[in-house]
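Peer 1: My questions all concern the structure below.
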Amino acid sequence: MRIVLNGAKGRMGRIVDKAAADSGHDVVARVDFGYAEGEGLRALNEYQGPADVVVDFSNHAATAQVTEYCVKRGLPVVVATTGQTKEEQAMIDEAAKAVPVFLSANMSLGVALLADLAKKAAAVFPDADIEIAEKHHNQKLDVPSGTALLLARRIKEARPEAEFVIGRHENGKRTQKEIGIHSLRLGNEVGIHEIIIATGSETVTLKHEAENRSLFAQGALAAAAFIVGKAPGMYDMRSIIE
Ligand SMILES: NC(=O)c1ccc[n+]([C@@H]2O[C@H](COP(=O)([O-])OP(=O)(O)OC[C@H]3O[C@@H](n4cnc5c(N)ncnc54)[C@H](O)[C@@H]3O)[C@@H](O)[C@H]2O)c1
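Quick note on numbering: this note's numbering labels position 108 of the sequence shown as 1146, and the sequence is numbered without any gaps.
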């Protein structure tokens, strides 16, 4: 695949770059914000050469630029970036009408499985208290993590009345509708997500630990291979595992 890589200078961008080369793909453009001459980086619109897919691991503020570029060029895009605002999410939804868009806050198969299990647990224990705890490195920008929100949204599919409470900080009892979401930021932690389901007489804990970031890079490359040649629309990890 010929890949345009957005966020190429970042932690994930560099790992995707290497993983792509190791798997025989060609990164035809390395794009980053604040790129410097001599670093082999460029601005997105500067590259109009051949490409099969755009892989985005940058910042949600790049959403308008990335979606516009992909729609104009008819290129599929893997949006791995997290933290989009409602307006940015709407831009992604709009782009999916014109090109294939693979959007996932977490590119690991394990988290896709975790989300399915969380939804199932919420249905099996409709009255249980559910809380999500996530732990990430101290440089992470978005709070809570996109993955924690992905998990909470999947639980809400089984409990439409659920209300997300992010970082509970006021006195008072929790309500049964609440799904508490709690964020820890420590050291180099790659990413831990835990869903705790407590009925009062038993507690089920579902937990995923990412051992290293190459997991997300491999997932993003698998996602890219999956959407090249697909019809316009929105795809996610469920599209791969189902
Ligand atoms: N989906 C997943 O599985 C997954 C996994 C890990 C990280 N992420 C997300 O990927 C994103 C990047 O993570 P990271 O740890 O590599 O962050 P990072 O801060 O190390 O790298 C981000 C890079 O994007 C660049 N950038 C910022 N704004 C830009 C713009 N407008 N255009 C082009 N480049 C821009 C920055 O200069 C930086 O080099 C974050 O949103 C993170 O939450 C997703």
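Every residue gets a Cβ at the ideal spot worked out from N, C-alpha and C, and that includes glycine.
Alpha carbon to alpha carbon, how far is residue 1040 from residue 1199? Give it in angstroms, no decimals.
Peer 2: Translated into positions along the sequence shown, residue 1199 becomes position 161. Translated into positions along the sequence shown, residue 1040 becomes position 2. Each residue's Cα considered, the two are about 44 Å apart.
Peer 1: Identify the continuous beta strand (DSSP E) that holds residue 1243 and give its terminal residues.
Peer 2: Taking the sequence shown and counting its residues from 1, one reaches residue 1243 at position 205. Here the beta strand (DSSP E) through residue 1243 covers 1241-1247.
Peer 1: Does the segment 1266-1277 touch the segment 1133-1151, meaning 3 or more C-beta pairs lie closer than 8 Å?
Peer 2: yes
Peer 1: To the nearest angstrom, how far is the alpha carbon of residue 1173 from that of residue 1243?
Peer 2: For this step, residue 1173 is matched to residue 135 along the sequence shown. For this step, residue 1243 is matched to residue 205 along the sequence shown. Their Cα atoms are separated by approximately 15 Å.
Peer 1: Could you spell out the range, first to last residue, of the alpha helix (DSSP H) harbouring residue 1222?
Peer 2: The residue labelled residue 1222 in the question sits at position 184 within the sequence shown. Where residue 1222 is concerned, there is no enclosing alpha helix (DSSP H), although the beta strand (DSSP E) it sits in stretches over 1216-1223.
Peer 1: Taking DSSP as the reference, what is the three-state secondary structure of residue 1197?
Peer 2: As a first step, residue 1197 is located in the sequence shown; it is residue number 159 there, counting from the start. DSSP places residue 1197 in coil when its eight states are reduced to three.
Peer 1: Using the Cβ count rule (16 or more neighbours within 10 Å means buried), how would you classify residue 1061?
Peer 2: Working through the sequence shown from its first residue, we reach residue 1061 at position 23. Classification for residue 1061: exposed.
Peer 1: Taking all protein chains shown into account, do 16 or more other C-beta atoms lie within 10 angstroms of the C-beta of residue 1165, making it buried, or fewer, making it exposed?
Peer 2: Counting from one through the sequence shown, the residue named residue 1165 turns up at place 127. Exposed, because fewer than 16 other Cβ atoms sit within 10 Å of the Cβ of residue 1165.
Peer 1: Helix, strand or coil for residue 1295, going by three-state DSSP, please let me know.
Peer 2: Outside the displayed span of the chain (1039 to 1280) sits residue 1295, for which this structure offers no information.
Peer 1: Going by C-alpha to C-alpha distance, which of 1263, 1271, 1258 sits closest to residue 1147?
Peer 2: Locating residue 1147 in the sequence shown gives position 109, where the first residue counts as 1. Closest option to residue 1147, Cα to Cα, is 1258.
Peer 1: Which residue's Cα is closest to the Cα of residue 1283: 1142, 1042, 1143?
Peer 2: The question about residue 1283 has no answer, for the chain in this structure spans 1039 to 1280.
Peer 1: Could you have a look at residue 1063 and say whether DSSP puts it in helix, strand or coil?
Peer 2: As a position in the sequence shown, residue 1063 is number 25, starting the count at 1. Here residue 1063 sits in coil by DSSP.
Peer 1: In chain order, what residues of the same chain lie with their CB nearer than 7 Å to the CB of residue 1224, ignoring the 5 residues before and after it?
Peer 2: Here residue 1224 refers to the residue found at position 186 when the sequence shown is read from its first residue. Within the same chain, residue 1224 has close Cβ partners 1173, 1176.
Peer 1: Select from 1108, 1145, 1120 the residue whose C-alpha is nearest the C-alpha of residue 1132.
Peer 2: Numbered from its first residue, the sequence shown carries residue 1132 at position 94. It is 1108 whose Cα lies nearest to the Cα of residue 1132.
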